[in-house]
Every structure is written in C-alpha cells, then in structure tokens.
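Worksheet: the structure to be examined is printed underneath.
There are 2 protein chains.
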Amino acid sequence: MDRNENEIDYVVKQAEAGFQFLQKTDVIERAELMYAIAAEIEALGDILIETAHLETALPLGRLQGEKARTVNQWRRYADAVRTGLYSEARIDRDPNGQFDLRKYNKGLGPVVVFGASNFPFAFSTAGGDTASAIGAGCSVIVKAHPAHLKTSQLMADAIDRAISKQGAPSGVFNHVLSDSFAAGQELVRHRFVKAVAFTGSFRGGKALFDLGQSRPDPIPVFAEMGSVNPVFLLPDYLGNNLEPFAKQYIASLLLGVGQFCTNPGVLVSVGGEQLDRFKAELKKELQAAATGKMLHAGILDSYNRLKGEMVQYDGVSILEEGQDNTAQDFAQALLAEAEASQVLANPKLLEEVFGPFGLIISCADLNEMKNVMEQLEGQITITFAASAQDIHECQALFSIAQDKCGRLLFQGMPTGVEVQYAMHHGGPYPATTDARFTSVGPDAVKRFLRPISFQNWPNEFLPKELQDGNPLQIDRLVNQQWTKA
Amino acid sequence: MDRNENEIDYVVKQAEAGFQFLQKTDVIERAELMYAIAAEIEALGDILIETAHLETALPLGRLQGEKARTVNQWRRYADAVRTGLYSEARIDRDPNGQFDLRKYNKGLGPVVVFGASNFPFAFSTAGGDTASAIGAGCSVIVKAHPAHLKTSQLMADAIDRAISKQGAPSGVFNHVLSDSFAAGQELVRHRFVKAVAFTGSFRGGKALFDLGQSRPDPIPVFAEMGSVNPVFLLPDYLGNNLEPFAKQYIASLLLGVGQFCTNPGVLVSVGGEQLDRFKAELKKELQAAATGKMLHAGILDSYNRLKGEMVQYDGVSILEEGQDNTAQDFAQALLAEAEASQVLANPKLLEEVFGPFGLIISCADLNEMKNVMEQLEGQITITFAASAQDIHECQALFSIAQDKCGRLLFQGMPTGVEVQYAMHHGGPYPATTDARFTSVGPDAVKRFLRPISFQNWPNEFLPKELQDGNPLQIDRLVNQQWTKA
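Sequences listed follow chains A and B, in order.
Counted the way UniProt numbering counts, the first sequence spans residues 1 to 485.
Counted the way UniProt numbering counts, the second sequence spans residues 1 to 485.
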C-alpha cells in the first residue's frame with residue numbers, strides 16, 4: 001500500500017511537470033504534438049491489431065476501422081485546437097485607458113483518464129479523452145484498462161515516442177499499468193490531479209464522481225456511463241417500413257455484440273396487430289443473426305446476470321433468444337417484451353443491460369408512449385422512427401425528448417457516432433455526470449479548460465494567444481468584434 | 001414544514017412551465033425579453049435606491065452606480081446572447097448524404113439563484129446570475145436575500161412587469177421570500193431544478209454544492225465564495241511608489257467597508273527598512289480614513305469574530321486599527337502583520353476575513369515569497385505590484401500565480417470588476433466550485449447551457465438557430481467553416 005501510494009505520487013508529480021511544460025505551449029505547438037502522436041499511432045503495424053484482437057475478441061476489420069478513427073480523432077482535434085476556437089481569446093481595452101483586459105482558456109492541470117474496454121483504441125489509452133486533454137494543454141495519466149493491458153502499452157509507447165521526438169518531457173503522458181482499484185482512487189484523490197475522464201459503467205463512473213466531489217478541493221469528473229437509447233417507433237412509419245426496420249433494429253442491437261453505449265436497448269411502440277407482425281419479424285431476424293464473443297468474461301457475466309434479472313421482473317417475458325454457441329465468452333442475444341404499464345410501475349425495466357439485449361415496450365396509445373418518455377432518465381440518444389405523417393402527432397414527444405437526451409435522431413439508428421463538431425455524445429444524468437460537455441468531437445476539449453484574465457499585463461509575459469499583433473493569427477473577440485488583427 | 005414543501009413544489013413547477021416556454025424562444029426573442037427587463041429596472045425610481053439604502057446602509061451614490069451597472073449587465077448579456085455566440089451552432093453534412101448533424105446549446109432547466117448581500121442589485125434578485133440564466137433560456141427561482149427583502153421585491157416586481165408586457169408566462173421568473181434555510185435546501189433538492197448559482201460565503205456555498213452533488217441526479221452548483229486576493233508587492237516597485245501605493249492599497253481595502261469578494265485582504269512583501277517605511281505610511285493612511293456601516297449586523301458580527309481570531313494566532317500582531325465610531329453596525333478597520341514563516345506554518349492566516357481587514361506578510365526574500373504563493377488556495381485575483389525591473393526577478397512567481405487564480409493584475413487593485421467579455425470572475429476552488437466558469441461578464445451565460453445534437457431532423461422542427469437558411473443570421477460553424485450563410 002505504501003509502495004503503491006509512493007508510485008502514484010511519483011507519477012502524478014511527473015504529470016505536474018508535464019502540465020507545466022504544456023501550459024507554456026501555444027495552440028499551434030500543441031497541435032504539432034498531436035499530429036506527431038497521430039503519426040506514431042498510424043505507424044503501429046499489425047502487432048497492434050493482433051494484440052487488441054487477442055485481448056478484446058473484437059474482429060480485425062472493426063479494429064482496423066477503430067484505429068483509423070483514433071488517428072483521425074487526434075488530427076481533427078488538433079485542427080480544431082490550432083484554430084484557437086477553444087482558446088476563446090477576448091480582449092477589452094477601455095477607450096479611456098482605465099483597463100486592458102485579456103482572457104483566454106488554459107488547461108486545468110493533470111487529467112486522469114480511465115479508458116473503456118469496448119473501444120480499446122478510440123476510447124482508451126490514446127483515445128478521445130487523452131487527445132482532448134492534451135489539446136487543452138493538460139498532461140494525462142492513463143490508468144490502463146485491465147482487459148487490454150498489452151494494447152494499452154503499445155499505444156502508450158507510441159505516444160511516448162511522439163513526445164520524445166517533439167522534445168517534450170515524458171510527464172506530458174503517463175501510463176499506470178496497475179490493475180488495482182485502489183491505485184485509481186489514489187490518482188483521483190491526488191492534490192495535483194485537476195480533472196478526471198471516464199467511459200464505462202454507471203457504477204464505476206458514479207464512484208469516481210463521488211470521490212472527486214468529496215476531495216478537500218472538488219474537481220470536475222466527466223463520466224460517460226451509457227444509457228438504453230430508446231427508439232420510439234410510431235404507427236405510420238411502422239406500417240410502411242415493417243420489414244426493413246426490423247432488419248435495421250436487429251442489426252444495430254447486435255452490432256459489436258451490443259457493446260456500445262449507443263446500443264438501442266429499448267424500443268417503444270403502440271400495441272396491436274401491426275406491432276405483433278413487427279415482433280414476428282424481429283424474431284425471424286434474430287434467429288437468422290449471429291452474435292459473437294464479448295470483450296471479456298466479466299462483461300459476459302454481467303450481461304447474463306442483468307438479462308436474467310430483467311426477465312424475472314413482473315410482466316417481462318422472453319420474446320426470442322438468439323443463436324446459442326458454446327464458444328468461450330459467447331453472448332446469446334435476447335429480445336424481451338413488456339407492456340408499458342409494467343414499465344411505468346417499475347423503473348428498473350429502463351435500466352441498461354450492456355450487451356445484445358432489447359426490450360420491446362408495448363403502449364396502449366400515444367399518450368401512454370408519452371408517459372414512458374417522461375419516465376426516462378437522461379439518455380445519450382433518443383431515436384424517432386417516424387414518418388412525416390407521424391410527426392404532427394408526436395410533437396409533444398419531441399418536446400419532452402429534448403430534455404431527456406444529448407442527441408435526437410429522426411429515423412436511422414443511434415449506433416455509429418460521427419466524430420464531428422456537431423456531434424454531441426453526452427446527455428443528462430445518469431448518461432453522464434455533466435450534461436454540459438461531450439466526450440466525442442473536438443468540443444470534448446472544452447472539458448479540460450478554464451479561463452484566466454490578465455489585467456494590464458506586460459505584453460511579453462502574455463500567452464501568445466493574447467499578445468499584441470496576434471502572432472498566432474487566431475480569431476479573437478476584441479472590443480466585442482471578431483478579428484484576426 | 002409540509003406547507004413549506006408544498007409551496008416550494010408549486011413554485012418549482014411554475015418555473016418548469018417557464019422553462020418550457022423559454023426553451024422554445026430563440027436568442028433574439030430572449031434578448032428582447034432581457035432588454036425589456038433592463039428598461040423596467042431602469043424605470044425604478046428613487047424608491048429603489050432609498051429602500052436599498054435603508055436595508056443595506058450602502059451610500060446612495062454607490063447604489064445609483066450599482067443600479068446603472070445592473071441595467072447595463074442585462075443589456076450587455078442580451079447583446080451577447082443575441083449574436084448567437086453562446087448558441088455555438090454547428091452543422092456537419094456528410095457529402096455522401098449519410099448524415100446531417102446539427103448541434104446548439106439550450107438551457108439546462110430551472111435555475112435557483114441565491115443572491116449576495118453585498119451587491120443588492122448587481123448580484124442579487126435581478127443580478128448577473130438571473131440575467132445569465134434567462135439569457136441561456138432557463139427560468140429562474142430567486143431565493144430573496146433576507147438582508148434586503150424589500151429591495152428584492154421591488155426588483156422582482158420590475159422583472160415580472162417586463163415578463164408580462166412581453167407576453168411570457170410568469171413562471172419565467174419566480175421569487176421566494178421565505179427566510180428559512182430549509183426552503184433553500186428544498187429548492188436545491190427539487191427534481192425539476194437543474195442548476196444553482198450562489199454568491200456569498202464559503203460555508204454557504206460549500207453546503208449548497210454538497211447538497212447539489214448528493215442529489216439522486218447531481219446538478220451543477222456554481223458558487224462564488226470569495227478569496228483573500230493577495231497583492232504581491234515587489235521591492236523596486238515599492239521603492240518608487242511607496243506613498244501613492246500605500247494610499248491606493250488602503251483605499252481599496254476600505255472600499256465599500258471591505259465588503260467585496262475582490263477585497264485585497266493580504267499583502268505580501270519582502271521585509272526590511274523599506275517595508276517598515278511602507279507600514280508607517282499604511283498606518284498614517286488608515287488613521288486618516290473613515291470606514292462606515294456594514295451591510296447588516298450578521299456580517300459585522302462575523303467580521304469582528306474573524307478579525308479577533310486572526311490576531312490571536314501565533315505571530316500575528318496588530319499594526320494599526322482604523323477610526324472607531326459608536327454608530328450602529330459600524331466596522332473598525334484593522335491592519336495586522338505577520339512574518340511569512342508564521343503564515344507558512346498556519347494556513348488559517350490565509351483565510352478570508354470579510355470586511356476591512358488586511359494582513360501584511362513580511363518575507364525574508366523573494367524565495368520565501370514564492371513559498372507563500374505556493375501555499376495559497378484558489379483565488380479570484382492575484383495582483384503584482386511590480387516594476388519593469390521587478391518583472392524579470394518574479395517570472396517564477398507569475399507562473400505559479402497562473403495556477404492559483406482567475407484574474408492576474410499587473411499593478412492596480414483587484415477591486416472594480418469590469419463587466420466585459422474579457423473579464424474572468426472566478427478561479428480555482430475554494431474561490432469557486434468550478435474554475436471553468438465566470439459569474440461576471442456575458443460568458444456567465446455558459447454556466448446554464450448544454451449542447452444537444454439533432455441528426456437528420458426535419459427542418460421545420462429544428463430550433464431556428466439550426467434551420468436551413470439561417471433565419472436568425474447568427475454565426476454558425478458549417479462543415480468546419482464559420483459562416484452566416
């Protein structure tokens with residue numbers, strides 16, 4: 001225990017030194033570092049894909065795609081940081097010379113990142129949280145995910161190589177390989193740590209959030225904790241898209257063996273003959289579909305336990321089970337069904353079962369559908385499977401849905417998260433611990449920034465973002481006008 | 001108790017209805033409402049000033065100025081909201097038609113505001129927190145400050161008149177006159193309340209923060225809790241400005257009877273003959289200066305108790321006391337002094353004494369001054385009284401100071417907070433509960449906003465900020481380019 005604490009203390013002090021280096025860099029220098037990291041990750045050969053495949057059971061093609069996405073994230077976030085968008089440089093000069101006030105955003109300090117097991121590249125060691133923290137000028141301490149330690153080490157080595165080539169100190173990025181829970185707690189509690197980013201389960205995220213808020217000095221803990229991503233399937237749309245929509249829903253539900261935080265785990269519709277036909281279609285699709293291995297035995301255990309609990313609740317019955325398979329860590333998909341009245345009586349039916357599990361909720365009418373919508377806790381996404389004709393009947397639903405989620409979809413499926421400025425991957429609690437921030441897209445950088453004002457400060461000691469003559473040529477709000485001058 | 005809970009529940013439900021109205025307004029409509037509120041406050045006649053004068057003992061001239069500042073805040077925040085700056089509209093369209101993704105910032109929901117006693121206009125009922133929440137599209141519930149209930153009611157009536165004239169529902173703004181602490185707690189705990197803003201003491205702010213974080217669904221609680229705003233007085237500057245700087249420091253220390261969260265309660269310098277002469281000058285200035293009445297008996301009691309405790313600590317002695325006066329609620333100023341070694345041994349010496357109290361800390365050398373800087377907790381401001389010659393000797397100090405505060409001043413005094421884009425009024429904990437946000441300047445609006453994305457959403461149901469053709473003509477980031485098109 002003492003040894004562990006000393007090691008953690010050493011790592012965090014390295015990270016503090018890394019932060020002191022980074023906060024003296026300007027946005028262009030940080031973007032260069034990020035491009036260099038992207039290049040090193042890109043250069044990682046088959047060994048990365050093969051290692052990750054062995055550790056996570058994710059298919060090779062998916063891992064190739066995720067690697068490309070990860071490299072792209074570093075480049076896109078760097079592009080955004082470079083423009084000064086997140087610096088938010090503001091200069092106000094009093095015409096009578098009473099004050100010269102300049103403000104920009106700087107990094108909060110060392111950030112601890114807890115990666116996700118379901119995205120070993122894009123949301124783990126070298127993932128979006130690490131890229132956005134470094135973009136903000138914060139050093140990073142990654143607590144490697146115990147389910148893919150070797151993959152994590154390969155990524156950490158790539159980042160280290162880029163840091164070294166750029167002449168930055170090694171404390172800019174720090175990798176903690178310990179699989180002890182206590183080590184994670186020590187990190188979050190350390191006085192030099194100024195923020196935490198987490199992607200994973202509600203239990204894990206909430207525990208870290210509470211730890212961060214109970215410090216002598218509370219710190220921001222951004223935890224993305226998933227949700228059931230309900231799909232509201234409306235009558236006219238269903239009538240005209242019954243078969244293709246059943247295909248689309250099952251494909252999205254089973255994608256990645258259901259291991260996405262945007263997995264559409266709940267489908268809500270109005271009962272009747274049409275929904276019965278749709279359910280028959282879902283059964284057919286599920287029977288025909290193959291699932292696969294889950295990421296690790298722990299996730300499979302949890303999936304089996306939670307889906308088992310779900311079908312024990314009053315009024316929940318099994319609609320159809322997916323193909324079975326004796327292979328190790330193989331997950332059997334499950335579709336369950338329930339009446340909305342049961343769901344309204346038992347909020348547990350709207351809790352997440354991480355994996356290929358879907359609950360089909362049958363409402364008496366659109367009004368009961370509205371009640372189910374009101375029962376929802378915060379969601380990452382809500383999807384409307386609706387036609388132009390349905391729209392005018394569900395405007396009240398649209399309105400409530402806005403208060404319940406981070407992303408609203410019209411048709412389509414919530415899986416597939418575009419890394420774009422306009423992406424919001426977040427949402428009201430318990431989807432995340434702070435609805436004001438996203439963990440996907442360049443705007444994820446904002447989580448780790450804070451403003452500082454300089455009043456009558458000597459020009460030579462100002463950060464370049466605020467100096468006279470705008471040496472970085474970024475957009476600045478000067479006396480209430482945007483300008484590069 | 002039951003009656004109280006029912007009343008609180010009723011008010012919050014009104015606020016929820018007000019929020020539902022506001023979140024359907026666009027930024028131009030909200031700006032119009034804010035201009036209307038500004039006009040109603042402006043139209044309040046002598047009755048406002050006289051009532052506030054009787055309730056707070058603040059001088060008439062100061063209150064006239066604060067009223068003008070309050071009106072100006074509403075107009076400046078409205079100007080900013082109107083431009084769409086805080087909407088952060090972002091549109092990404094896939095060239096292959098795979099997705100159309102649009103994001104903007106909407107209000108979090110009803111916001112509870114706890115005003116400050118020291119700014120009965122600018123940081124109370126109709127103050128910056130209320131203006132920024134409404135600017136964000138959030139309804140507001142103000143818990144009136146018990147020290148100026150009549151002033152609060154006049155302001156609430158003015159806001160209500162504007163809301164009524166604009167045809168908005170009364171739930172947009174709600175005024176709770178109860179002086180019970182339990183009522184405040186009920187408000188923060190209510191499930192429809194989505195954020196809290198507070199200006200006041202550390203004890204009050206921390207209690208509300210903890211309450212907000214311990215809810216079943218934690219909510220953002222922004223509390224601005226003051227600080228000691230240390231002034232670092234460097235040798236060369238002192239040598240050349242001894243007399244005027246003593247005048248300036250005493251004037252700032254006594255301004256508003258020391259009742260500002262930017263009051264420079266600590267001054268740090270290097271001991272020796274020069275500092276001795278400066279102290280003699282401070283004594284002379286203090287003897288010549290008049291203070292006045294504090295805001296209310298509670299603040300005076302707290303001031304007397306805390307300054308009494310301060311001079312009991314080891315190594316703290318009285319340098320000089322200000323003029324005494326038998327008038328009710330009159331505060332006697334106090335200058336104390338201590339060696340830096342005592343301060344380094346007892347962190348309590350760096351805690352705030354709200355009122356006209358200053359502690360002069362004498363360091364052995366610049367290195368010890370650096371140690372004092374490192375000992376500091378988060379501050380709203382840090383001021384350097386330094387010359388060009390001093391600068392090159394205190395670069396290490398500058399660097400540490402950046403991690404310790406929200407605003408850095410070169411020369412001048414921290415009192416006097418400009419309402420500007422470039423103003424940051426905040427800072428690391430315990431100055432505030434979230435270093436990422438300001439409570440002064442239009443950027444204060446950001447505290448109450450959260451993003452939402454719309455994917456493939458029908459144009460007619462999009463908020464105007466995101467509709468095709470940009471009907472509000474705001475700046476939008478479309479496919480990575482800023483445009484009004």
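From the three backbone atoms N, C-alpha and C, an ideal C-beta is built for every residue, glycine too.
Next on the checklist: Per DSSP, what are the beta-bridge partners of R30 of chain A in this structure?
Outcome noted: For the purposes of this step, residue 30 of chain A is identified with residue 30 of the first sequence, where counting begins at 1. In DSSP, R30 of chain A forms no bridge with anything.
Checklist entry - With 16 other CB atoms within 10 Å as the buried threshold, where does I163 of chain A fall? => result As a first step, residue 163 of chain A must be located in the first sequence, where it is residue number 163. A residue is called buried when at least 16 other Cβ atoms come within 10 angstroms of its Cβ; I163 of chain A meets this threshold and is buried.
Next on the checklist: Does chain B have any CB closer than 8 Å to the CB of M1 of chain A?
Outcome noted: Within the first sequence, residue 1 of chain A is the residue found at index 1, counting from 1. With a pLDDT of only 41 at M1 of chain A, under the threshold of 50, the placement of this residue in the model should not be trusted, and no figure is reported.
Next on the checklist: Is the beta carbon of S252 of chain A closer than 8 Å to that of P244 of chain A?
Outcome noted: In the first sequence, the residue the question calls residue 244 of chain A occupies position 244. In the first sequence, the residue the question calls residue 252 of chain A occupies position 252. With contacts defined as CB atoms closer than 8 Å, P244 of chain A and S252 of chain A fail to qualify as a contacting pair.
Checklist entry - How about L108 of chain A and A195 of chain A: are their beta carbons less than 8 Å apart? => result What you label residue 108 of chain A is simply residue 108 of the first sequence in a count that begins at 1. What you label residue 195 of chain A is simply residue 195 of the first sequence in a count that begins at 1. For L108 of chain A and A195 of chain A, yes; Cβs fall inside 8 Å.
Next on the checklist: Just verifying my parser: in three-state terms, what is the DSSP assignment at T483 of chain B?
Outcome noted: For the purposes of this step, residue 483 of chain B is identified with residue 483 of the second sequence, where counting begins at 1. Correct three-state label for T483 of chain B: strand.
Checklist entry - Looking at the structure shown, is D276 of chain A part of a helix, part of a strand, or coil, going by DSSP? => result As a first step, residue 276 of chain A is located in the first sequence; it is residue number 276 there, counting from the start. Three-state result, D276 of chain A: helix.
Item to check | Residues that P244 of chain B bridges to, as DSSP identifies them | outcome: Here residue 244 of chain B is taken as the residue at index 244 of the second sequence, counted from 1. Answer is none; P244 of chain B lacks a bridge partner.
Item to check | Exposed unless 16 or more other CB atoms sit within 10 angstroms - verdict on P230 of chain B | outcome: Locating residue 230 of chain B in the second sequence gives position 230, counting from the first residue. The residue is buried, with at least 16 neighbouring Cβ atoms inside 10 Å.
Checklist entry - Applying the criterion that 16 or more other CB atoms from any shown protein chain within 10 Å of the CB defines a buried residue, is W482 of chain A buried or exposed? => result Along the first sequence, one-based indexing puts residue 482 of chain A at 482. W482 of chain A counts as exposed, since fewer than 16 other beta carbons sit within 10 angstroms of its beta carbon.
Next on the checklist: Assuming N72 of chain A is part of the alpha helix (DSSP H), what are its boundary residues?
Outcome noted: In the first sequence, the residue the question calls residue 72 of chain A occupies position 72. N72 of chain A -> alpha helix (DSSP H) spans L60 to R82.
Checklist entry - Just to confirm, are A133 of chain A and V111 of chain A a CB contact at a threshold of 8 Å? => result Start at 1 with the first residue of the first sequence, and residue 133 of chain A comes out as number 133. Start at 1 with the first residue of the first sequence, and residue 111 of chain A comes out as number 111. Contact: yes.
Item to check | Complete alpha helix (DSSP H) runs within the segment 102-163 of chain A (minimum length 4 residues, chain order) | outcome: Taken in chain order, the unbroken stretches of alpha helix (DSSP H) that lie wholly in the segment 102-163 of chain A and span 4 residues or more are 128-135.
Checklist entry - CA-CA distance, Q185 of chain A and G212 of chain A? => result Taking the first residue of the first sequence as position 1, residue 185 of chain A is located at position 185. Taking the first residue of the first sequence as position 1, residue 212 of chain A is located at position 212. Cα to Cα, Q185 of chain A sits roughly 9 Å from G212 of chain A.
Item to check | Buried versus exposed call for R312 of chain B [16 or more other C-beta atoms within 10 Å across all chains shown] | outcome: Your numbering for residue 312 of chain B matches position 312 in the second sequence. The question names Arg, but residue 312 of chain B is Gln in the sequence shown. Q312 of chain B is exposed by the Cβ-count criterion.
Item to check | Classification of Q73 of chain A by the beta-carbon crowding that lies within 10 angstroms, buried from 16 upward | outcome: For the purposes of this step, residue 73 of chain A is taken as residue 73 along the first sequence, with counting starting at 1. So Q73 of chain A ends up on the buried side.
Item to check | Beta-ladder partner(s) of K293 of chain B, from DSSP | outcome: Your numbering for residue 293 of chain B matches position 293 in the second sequence. According to DSSP, which records beta bridges pairwise, K293 of chain B is partnered with B:F330.
Next on the checklist: Helix, strand or coil for A197 of chain A? Go by DSSP, reduced to three states.
Outcome noted: In the first sequence, residue 197 of chain A corresponds to position 197, counting from 1. For A197 of chain A, the three-state secondary structure derived from DSSP is strand.
Item to check | Member of A:P458, A:G271, A:K484 and A:V172 whose CA lies at the smallest distance from the CA of V12 of chain A | outcome: The residue you call residue 12 of chain A lines up with position 12 of the first sequence. Cα-wise, what sits closest to V12 of chain A is A:V172.
Checklist entry - Is the Cβ of D434 of chain A closer than 8 Å to any Cβ of chain B? => result As a position in the first sequence, residue 434 of chain A is number 434, starting the count at 1. For D434 of chain A, the nearest beta carbon of chain B is closer than 8 Å to its own beta carbon.
Checklist entry - Could you give the residue range of the beta strand (DSSP E) that holds A223 of chain B? => result Locating residue 223 of chain B in the second sequence gives position 223, where the first residue counts as 1. Bounds of the beta strand (DSSP E) holding A223 of chain B are V221 to E224.
Next on the checklist: When you compare the CB positions of G292 of chain A and F330 of chain A, do they come within less than 8 Å of one another, or not?
Outcome noted: Looking up residue 292 of chain A in the first sequence gives position 292. Looking up residue 330 of chain A in the first sequence gives position 330. Taking 8 Å as the Cβ cut-off, G292 of chain A and F330 of chain A qualify as a contacting pair.
Checklist entry - For D2 of chain A, does the three-state DSSP call read helix, strand or coil? => result Numbered from its first residue, the first sequence carries residue 2 of chain A at position 2. Because D2 of chain A sits at a pLDDT of 48, beneath the cut-off of 50, its placement in the model cannot be relied upon, and the following sentence gives the value as read from the coordinates. Correct three-state label for D2 of chain A: helix.
Checklist entry - Who are the Cβ neighbours of G258 of chain B in its own chain at under 6 Å, not counting the five residues just before and after it? => result By 1-based counting over the second sequence, the position of residue 258 of chain B is 258. The residues are G355 and P356.
Checklist entry - Cα-Cα, which of A:L177, A:V140 and A:G167 is closest to Q153 of chain A? => result Position 153 of the first sequence holds residue 153 of chain A. Nearest C-alpha to Q153 of chain A: A:L177.
Checklist entry - For Q389 of chain A, which residues from the same chain have a beta carbon less than 6 Å from its beta carbon, with the 5 sequence-adjacent residues on both sides left out? => result Locating residue 389 of chain A in the first sequence gives position 389, where the first residue counts as 1. If we look at Q389 of chain A and ignore the five residues flanking it on each side, its Cβ neighbours are D236.
Item to check | Sequence-distant residues of its chain with Cβ nearer than 7 Å to K348 of chain A (five each side left out) | outcome: Along the first sequence, read from residue 1 onward, the residue named residue 348 of chain A stands at position 348. Y313, listed in sequence order.
Checklist entry - Which residues mark the beginning and the end of the beta strand (DSSP E) in which L267 of chain A is found? => result Locating residue 267 of chain A in the first sequence gives position 267, where the first residue counts as 1. Residue range V266 to V270 is occupied by the beta strand (DSSP E) that includes L267 of chain A.
Checklist entry - Does DSSP put L44 of chain B in a helix, a strand or coil? => result Here the question's residue 44 of chain B lines up with position 44 in the second sequence. L44 of chain B falls in the coil class under three-state DSSP.
Next on the checklist: Quick check on DSSP: helix, strand or coil for A207 of chain B?
Outcome noted: In the second sequence, the residue the question calls residue 207 of chain B occupies position 207. Three-state result, A207 of chain B: helix.
Item to check | Cβ-based contacts, 9 Å cut-off: residues of the segment 411-426 of chain A near chain B | outcome: Residues Q411, G412, P414, G416, E418, Q420, Y421, A422, M423, H424, H425 and G426.
Next on the checklist: Check whether the segment 447-460 of chain B and the segment 417-432 of chain A are in contact - that is, three or more C-beta pairs closer than 8 Å.
Outcome noted: By the C-beta criterion, the segment 447-460 of chain B is judged to be in contact with the segment 417-432 of chain A, since at least 3 inter-stretch pairs fall below 8 Å.
Item to check | Any alpha helix (DSSP H) of 4 or more consecutive residues that is wholly inside the segment 354-421 of chain B | outcome: Within the segment 354-421 of chain B, the complete alpha helix (DSSP H) runs of at least 4 residues are 366-375, 388-391 and 395-402.
Item to check | Neighbour list for I91 of chain A in chain B, Cβ cutoff strictly below 7 Å | outcome: Along the first sequence, read from residue 1 onward, the residue named residue 91 of chain A stands at position 91. Think of a sphere of 7 Å around the beta carbon of I91 of chain A: the chain B residues whose beta carbon falls inside it are A422, in chain order.
Item to check | Other residues of its chain near R75 of chain A: CB distance less than 7 Å, five sequence neighbours each side excluded | outcome: Here residue 75 of chain A is taken as the residue at index 75 of the first sequence, counted from 1. Closer than 7 Å at the Cβ level, and outside the excluded window around R75 of chain A, lie Y35 and A38.
Item to check | Boundaries of the beta strand (DSSP E) in which E352 of chain B is found, first to last residue | outcome: Taking the first residue of the second sequence as position 1, residue 352 of chain B is located at position 352. Annotation for E352 of chain B: no beta strand (DSSP E) segment contains it, and DSSP assigns it neither H nor E.
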